[in-house]
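Chemist: Once you've had a glance at the structure underneath, I'll fire off some questions.
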Amino acid sequence: MVSSIVSQVSRQVPLVSWRKIEDLLEFDRRSLVLLAEQAGRYYKPFDRRKLSGQGKWRHIDNPQDDLKAIQKRIQQRLLLHLSFPDTIVGGIRKRSIIDHAKFHLRKPCVVTLDIKGCFPSISNERVFRVFQNSLNASPQIARILTQLTTFQHRLPQGAPTSPTIANLALLPLHNDLLRLAEQSDLDLSIYVDDIALSGDNAVVVKVIESACDLIRKHGFRVSWSKLNVQSISRPQTITGLKVNRRIDLPREFLVSIDSSIRKLADSEIIFERDLNAIWGRIKYVKYVRPTVGLLLEETARRCLPEKGCPGGKHRWETRTCARFNRDHSK
């Protein structure tokens, strides 16, 4: 059955009183209004990609200072305790890409769809409705919260509040997709902007068009280049995890970590940044495949020093955002 969202925050602290909002966010009303009106000035957007020059540039809106502090409080005190259906797994505490993959393990066919430009597609009007409908906020408070959590009339990349607000904004689409999946005896899960359907080959393929129609009906676009139909006869992956027989990592990914360890061990200077990057990848492997992760950990401890030299090149290349206006009205 389709689950309805329940907000513990809404029941305990209805968002209709300025005094309660001031207490929750630890800002007085005048400061909140001023910050909301000037929110655009607190962003320092940039684009980034890996130093290798491979891959596309990714935009980061990058909120700063008081605005980011307020966003963290909105997330922790107003949004964090919202309850979502089990089939929404991205950006939710104690849910992960493994939960996303579990829905589609050992299925004859897996289809993955991606919402194109998901965060920028969520307008400030949609965010305003989220605060009104999901948190029972009064129009005035919903407007201030919207100003504090949107940038240039859209949901910003890199804000602490954006993943949860995106889940709330996508909830009506999720519910329609879940109805479609249940009617066709399919499994569905959504990880932020990544939608996965799985089940019988012919049935999954048949509902792709209907699923895309629902995405468009709710005001979003399908990223056609990321539409992927995967039968059991070839590797099936969801957010980087294989799901054919068990939840696993691609062999080439594991080999690349082992190769990086040995290449780094042969370097004349081992920078702390590169060492941390290796250990971060090993930690991820241990989370998905503990036994393999332990073997990589053993190799790293044998080949690499405990500490690297400070400094070194950044792993990311950055550039100034080409399209950036300093306030919401532009």
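Sequence positions in the sequence shown follow the numbering used here and run 43 to 372. C-beta atoms are modelled at their ideal positions from N, C-alpha and C, and glycine is treated no differently. Here the structure is a predicted model, which is why all the values come from computation and not from measurement.
If I follow the unbroken beta strand (DSSP E) through Ala238, where does it start and stop?
Modeler: The count along the sequence shown starts at 1 and reaches residue 238 at position 196. Per DSSP, Ala238 belongs to the beta strand (DSSP E) from 236-241.
Chemist: My parser needs the alpha helix (DSSP H) runs of 4 or more residues fully inside the segment 179-258; what are they?
Modeler: Entirely contained in the segment 179-258, the alpha helix (DSSP H) runs reaching 4 residues are, in chain order, 181-191, 204-225.
Chemist: For the segment 137-150 against the segment 283-296, are there 3 or more C-beta pairs whose distance is under 8 Å?
Modeler: With the cut-off at 8 Å, the segment 137-150 and the segment 283-296 touch.
Chemist: Taking only the alpha-carbon atoms, compute the straight-line gap between Arg156 and Glu310 and give it to the nearest angstrom.
Modeler: Here residue 156 is taken as the residue at index 114 of the sequence shown, counted from 1. Here residue 310 is taken as the residue at index 268 of the sequence shown, counted from 1. Residue identity check: residue 156 is Asp in the sequence provided, not Arg. So the two alpha carbons sit approximately 43 Å from each other.
Chemist: Judging by CA-CA distance, which residue of Leu212, Ile164, Ala111, Arg91 is the nearest neighbour of Val131?
Modeler: Counted from its first residue, the sequence shown places residue 131 at position 89. Residue Leu212 is the option with its Cα nearest to Val131.
Chemist: Cβ of Val153 within 9 Å of Cβ of Val58?
Modeler: For the purposes of this step, residue 153 is identified with residue 111 of the sequence shown, where counting begins at 1. For the purposes of this step, residue 58 is identified with residue 16 of the sequence shown, where counting begins at 1. No.
Chemist: For the alpha helix (DSSP H) holding Thr333, just list the boundary residues, first then last.
Modeler: For the purposes of this step, residue 333 is taken as residue 291 along the sequence shown, with counting starting at 1. Thr333 -> alpha helix (DSSP H) spans 332-345.
Chemist: Would you call Asn318 buried or exposed, if buried means 16 or more other Cβ atoms sit within 10 Å of its Cβ?
Modeler: Taking the sequence shown and counting its residues from 1, the one referred to as residue 318 is at position 276. With fewer than 16 other Cβ atoms within 10 Å, it is exposed.
Chemist: For a quick check, are the C-beta atoms of Arg263 and Lys98 less than 9 Å apart?
Modeler: For the purposes of this step, residue 263 is taken as the residue at position 221 of the sequence shown. For the purposes of this step, residue 98 is taken as the residue at position 56 of the sequence shown. Their beta carbons are not under 9 Å apart, which means Arg263 does not touch Lys98 by this criterion.
Chemist: Does the beta-carbon distance from Ile116 to Thr203 come in below 9 Å?
Modeler: Position 74 of the sequence shown, counted from the start, is the residue given in the question as residue 116. Position 161 of the sequence shown, counted from the start, is the residue given in the question as residue 203. Against a cut-off of 9 Å, the Cβ pair of Thr203 and Ile116 comes out as a contact.
Chemist: Between the C-alpha atoms of Asp229 and Leu346, what's the straight-line distance to the nearest angstrom?
Modeler: As a position in the sequence shown, residue 229 is number 187, starting the count at 1. As a position in the sequence shown, residue 346 is number 304, starting the count at 1. In a straight line, the C-alpha of Asp229 is about 44 Å away from that of Leu346.
Chemist: Can you list the beta strand (DSSP E) stretches of 3 or more residues lying completely in the segment 50-111, in chain order?
Modeler: Listed in chain order, the complete beta strand (DSSP E) runs (minimum 3 residues) inside the segment 50-111 are 88-92, 100-102.
Chemist: How far does the alpha helix (DSSP H) with Leu155 in it reach, from first residue to last?
Modeler: Here residue 155 corresponds to residue number 113 of the sequence shown, with the count starting at 1. Premise fails: Leu155 lies in the beta strand (DSSP E), 151-156, not in any alpha helix (DSSP H).
Chemist: From Arg171 to Asp227, what distance separates their C-alpha atoms?
Modeler: The count along the sequence shown starts at 1 and reaches residue 171 at position 129. The count along the sequence shown starts at 1 and reaches residue 227 at position 185. The straight-line gap from Cα to Cα measures roughly 32 Å.
Chemist: Give the single residue among His142, Ile112, Leu120, Asp103 whose Cα lies nearest to the Cα of Ala179.
Modeler: What you label residue 179 is simply residue 137 of the sequence shown in a count that begins at 1. Of the candidates His142, Ile112, Leu120, Asp103, the one whose C-alpha sits nearest the C-alpha of Ala179 is Leu120.
Chemist: Tell me the DSSP secondary structure of Leu269 in three-state form.
Modeler: Here residue 269 refers to the residue found at position 227 when the sequence shown is read from its first residue. DSSP places Leu269 in coil when its eight states are reduced to three.
Chemist: Do Asp290 and Arg315 have their beta-carbon atoms positioned less than 9 Å apart in this structure?
Modeler: Working through the sequence shown from its first residue, we reach residue 315 at position 273. Working through the sequence shown from its first residue, we reach residue 290 at position 248. No, they are not a contact pair.
Chemist: Anyone know if the C-beta pair for Cys160 and Asp235 falls short of 9 Å?
Modeler: What you label residue 160 is simply residue 118 of the sequence shown in a count that begins at 1. What you label residue 235 is simply residue 193 of the sequence shown in a count that begins at 1. Yes.
Chemist: Where does Arg275 fall in DSSP's three states?
Modeler: Position 233 of the sequence shown, counted from the first residue, corresponds to residue 275. For clarity, residue 275 is Ser in the given sequence; the question names Arg instead. It is coil, neither helix nor strand.
Chemist: Within 10 Å of its beta-carbon, does Gln194 have 16 or more other beta-carbons around it, so buried, or fewer, so exposed?
Modeler: What you label residue 194 is simply residue 152 of the sequence shown in a count that begins at 1. Flag for Gln194 reads buried.
Chemist: May I ask which residues mark the beginning and end of the alpha helix (DSSP H) holding Leu147?
Modeler: The residue given as residue 147 occupies position 105 in the sequence shown. Neither: Leu147 is in no alpha helix (DSSP H) and is coded neither H nor E.
Chemist: Which same chain residues end up closer than 7 Å to Leu256 when comparing Cβ atoms and leaving out the 5 residues on each side of it in sequence?
Modeler: Within the sequence shown, residue 256 is the residue found at index 214, counting from 1. If we look at Leu256 and ignore the five residues flanking it on each side, its Cβ neighbours are Leu215, Asp218, Leu219, Leu222.
Chemist: For Ile63, tell me which candidate among Gly82, Glu224, Ala184 has the shortest Cα-Cα distance.
Modeler: If you number the sequence shown from 1, residue 63 lands on position 21. Nearest C-alpha to Ile63: Ala184.
Chemist: Taking all protein chains shown into account, decide if Ser240 is buried (16 or more other Cβ within 10 angstroms of its Cβ) or exposed.
Modeler: By one-based count along the sequence shown, residue 240 stands at place 198. Per the 10 Å Cβ criterion, buried.
Chemist: Which of the three DSSP states is assigned to Ile311 in this structure?
Modeler: The residue labelled residue 311 in the question sits at position 269 within the sequence shown. Correct three-state label for Ile311: coil.
Chemist: In the DSSP assignment, what are the bridge partners of Val264?
Modeler: On the sequence shown, position 222 is the one that residue 264 refers to. Its beta-bridge partners are Ile157.
Chemist: Per DSSP, which residues does Ser176 bridge with? Please list them.
Modeler: Within the sequence shown, the letter at position 134 stands for residue 176. BP columns for Ser176 are empty, so no partner.
Chemist: Who are the near neighbours of Leu109 in its chain, counting only those whose CB is closer than 8 Å to its CB and skipping five residues on each side?
Modeler: Taking the first residue of the sequence shown as 1, we reach residue 109 at position 67. Only Leu77, Ala81, Tyr84, Tyr85, Leu190 meet the Cβ criterion.
Chemist: Out of Glu348, Ser302, Gln118, Glu294, point me to the one whose CA is closest to Glu68's CA.
Modeler: Locating residue 68 in the sequence shown gives position 26, counting from the first residue. Among Glu348, Ser302, Gln118, Glu294, the Cα nearest to that of Glu68 belongs to Gln118.
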